[in-house]
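Chemist:
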Amino acid sequence: MPELPEVETVRRGLGPILEGALIERVELRRPNLRFPFPDDFAARLTGRTVVALGRRAKYLIADLDDSTVLVMHLGMSGSFRILAGAAAGGGTDTTETPGDFHLPRGKSTAHDHVVFHLRTPADGCARIVYNDPRRFGFMTLVERAAFDAHPLMRDIGIEPLGNLFGAGALAEVFAGKTAPLKAALLDQKLIAGLGNIYVCEALWRAELSPTRAAGTIAAGRGARARAEALAASIRSVLQEAIAAGGSTLRDHVQASGELGYFQHRFNVYDREGEACLRPGCGGVVERLTQSGRSTFWCPTCQK
DNA sequence: CTCCGCTCCTGCCGGC
DNA sequence: TGCCGGCAGGAGCGGA
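According to my numbering, the first sequence is numbered sequentially starting from -9.
1) Is it right to say T206 is buried, meaning 16 or more other beta carbons lie within 10 angstroms of its own, or is it exposed?
2) Pick helix, strand or coil for V258, following the three-state DSSP scheme.
3) What does a CB cutoff of less than 6 Å around E17 pick up in its chain, not counting 5 residues either side in sequence?
4) Any idea if A159 is buried or exposed, counting beta-carbon neighbours within 10 angstroms, 16 or more meaning buried?
5) Cβ of A208 within 9 Å of Cβ of A161?
6) My guess is that Y251 and E(-4) are in contact by the Cβ rule of under 8 Å, so how many angstroms apart are they, rounded?
7) Helix, strand or coil, according to DSSP, for D303 in the structure here?
8) Just to confirm the assignment, what range does the alpha helix (DSSP H) spanning A196 have?
9) How would you write the range of the beta strand (DSSP E) that T285 sits in, first residue to last?
10) Closer than 8 Å to a non-hydrogen atom of the ligand ATP - does that hold for the CB of A173?
11) Three-state secondary structure (DSSP) at H107?
12) Just tell me which of I181, E230, P21 and D241 has its CA closest to the CA of P294.
13) For the beta strand (DSSP E) that contains L12, what are its first and last residues?
14) Let's see if you can read the secondary structure: which residues bound the beta strand (DSSP E) around A74?
15) How is Q178 classed by DSSP in three states: helix, strand or coil?
16) With a CB to CB cut of under 6 Å and the five nearest residues on each side skipped, what residues in its chain are close to A346?
17) Taking the alpha helix (DSSP H) that E(-4) falls in, what are its first and last residues?
18) Taking buried to mean at least 16 other C-beta atoms within 10 Å of its own C-beta, is S69 buried or exposed?
19) Going by the CB atoms, is the gap between D177 and G147 shorter than 9 Å?
20) Does the beta-carbon distance from L54 to L73 come in below 9 Å?
21) Is the beta carbon of R71 sitting closer than 9 Å to the one on V119?
22) Check whether the Cβ atoms of L60 and L4 sit closer than 9 Å, and answer yes or no.
23) With DSSP as the reference, label F128 as helix, strand or coil.
24) Taking Cβ to Cβ, would you say M62 is nearer than 9 Å to F128?
25) Hey, how far is the Cα of A203 from the Cα of L23?
26) Below 8 Å on the Cβ atoms is my contact criterion, and I expect E264 with R277 to pass it. Report the Cβ-Cβ distance as a whole number of Å.
27) Indicate the three-state DSSP secondary structure (helix, strand or coil) for E276 in the structure shown.
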């Protein structure tokens, strides 16, 4: 589920705990998530210090002090929670800790698959727990030198919040594409980090139909204006979502330690049958299926 | 090459 | 109340 803003929010939440922390021990509660963990995964992490926590597309990237990189993806249902201070201290039993009394509603420890036991400069003991009911997430280790050429990384498209992103970049990657705009925006090889929700939201904001050919952003009458509107919408939708995540982060970390999900009402996503929220539009939000996924849009104002 | 549909897994929700 | 089908925020793969 987590798209770029959620992953970025997780990064900002985990960063202060993880950066500079020594990994004292790693508990693996099962041999695989979506993919098997690498051989000796826990052993290779033990004794390492995390140098920095970054993000590329929807991947969390933890740089370690031995020039390896821990790559983590949350899939559809992955989340982390932080047990710091007293909740993390002492003992080897991780199924019953004070922190678990504050589990978010509906969460259970049944899907806690990985526990990182940390020694942090600031707090002493801390644990970071990875929970993932559907197990579409995964973790792997990559040599820093081979990182950019790694199959997971090498084909990832442009970062929508980076300096290189804009109308020109959109036009470049969409040129000649006959695929629906919705599908092209979801393609991680073209643009990194967008998922179903924020694609719907960005298209609504830009007043563009999800069904038009992606190439019409790059060429034809009005293409430049469409590209400008779409680029601006993508940026603003993501930035606002990150800001919203940041504001929920404080509450969340204090209350339960959970990171990885924040829910707020969207303008068009999951609003089938409701009135379009654009002032003066008067349309109704519809739902259609594209590439097997739900698209929510307003046919009245999105052209 | 491009595009589409299928697939992995569990949880939840609505309908009967 | 309980069961069942459908759907869910991702993305790699095979096949057309």
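Just so it is clear, CB atoms sit at the ideal spot from N, CA and C, and this is done for glycine as well. Since this is a predicted model, take the numbers as computed values, not measurements.
Modeler: With the given structure in hand:
1) Here residue 206 refers to the residue found at position 216 when the first sequence is read from its first residue. Burial of T206 is indicated by the presence of at least 16 other C-beta atoms within 10 angstroms of its C-beta.
2) Reading the first sequence from its first residue, position 268 is the one you call residue 258. Residue state, collapsed to three classes: coil.
3) For this step, residue 17 is matched to residue 27 along the first sequence. Correct list, in chain order: V105.
4) Here residue 159 refers to the residue found at position 169 when the first sequence is read from its first residue. Classification for A159: buried.
5) Residue numbering aside, residue 208 sits at position 218 when the first sequence is read from its first letter. Residue numbering aside, residue 161 sits at position 171 when the first sequence is read from its first letter. Taking C-beta atoms as the reference points, A208 and A161 count as a pair closer than 9 Å.
6) The residue labelled residue 251 in the question sits at position 261 within the first sequence. The residue labelled residue -4 in the question sits at position 6 within the first sequence. That belief holds up - the Cβ atoms of Y251 and E(-4) are roughly 6 Å apart, short of 8 Å.
7) Nothing can be reported for residue 303, as the shown portion of the chain is limited to -9 through 293.
8) Taking the first residue of the first sequence as position 1, residue 196 is located at position 206. First-last of the alpha helix (DSSP H) with A196: N186 to A196.
9) Within the first sequence, residue 285 is the residue found at index 295, counting from 1. First-last of the beta strand (DSSP E) with T285: R283 to W287.
10) Judged by which ligands are present, the structure shown has none, so any question about the ligand ATP falls away.
11) Counting from 1 along the first sequence, the entry for residue 107 is found at position 117. The answer is strand: DSSP assigns H107 an E or B state.
12) What the structure shows of the chain is the stretch from -9 to 293, and residue 294 is not part of that stretch, so it cannot be assessed.
13) In the first sequence, the residue the question calls residue 12 occupies position 22. L12 -> beta strand (DSSP E) spans L12 to L18.
14) To locate residue 74, count along the first sequence from 1; it is residue 84. Counting along the chain, the beta strand (DSSP E) containing A74 begins and ends at S69 to A74.
15) For this step, residue 178 is matched to residue 188 along the first sequence. If DSSP states are grouped into helix, strand and coil, Q178 belongs with coil.
16) Outside the modelled stretch of the chain, which goes from -9 to 293, sits residue 346, for which no answer is possible.
17) As a first step, residue -4 is located in the first sequence; it is residue number 6 there, counting from the start. Here the alpha helix (DSSP H) through E(-4) covers L(-6) to L8.
18) Your numbering for residue 69 matches position 79 in the first sequence. S69 should be labelled buried.
19) Here residue 147 refers to the residue found at position 157 of the first sequence. Here residue 177 refers to the residue found at position 187 of the first sequence. Yes, the Cβ-Cβ distance between G147 and D177 is below 9 Å.
20) Stepping through the first sequence from its first residue, residue 54 is reached at position 64. Stepping through the first sequence from its first residue, residue 73 is reached at position 83. Cβ atoms of L54 and L73: not closer than 9 Å.
21) The residue labelled residue 71 in the question sits at position 81 within the first sequence. The residue labelled residue 119 in the question sits at position 129 within the first sequence. Cβ distance < 9 Å, so R71 and V119 count as in contact.
22) Numbered from 1 along the first sequence, position 70 holds the residue referred to as residue 60. Numbered from 1 along the first sequence, position 14 holds the residue referred to as residue 4. No, the Cβ-Cβ distance between L60 and L4 is not below 9 Å.
23) Here residue 128 is taken as the residue at index 138 of the first sequence, counted from 1. DSSP places F128 in strand when its eight states are reduced to three.
24) Locating residue 62 in the first sequence gives position 72, counting from the first residue. Locating residue 128 in the first sequence gives position 138, counting from the first residue. Yes. Within cutoff.
25) Residue mapping note: residue 203 aligns to position 213 of the first sequence, counting from 1. Residue mapping note: residue 23 aligns to position 33 of the first sequence, counting from 1. Each residue's alpha carbon lies about 36 Å from the other.
26) Position 274 of the first sequence, counted from the start, is the residue given in the question as residue 264. Position 287 of the first sequence, counted from the start, is the residue given in the question as residue 277. Contact flag wrong, Cβ pair sits at about 11 Å.
27) The residue given as residue 276 occupies position 286 in the first sequence. If DSSP states are grouped into helix, strand and coil, E276 belongs with the strands.
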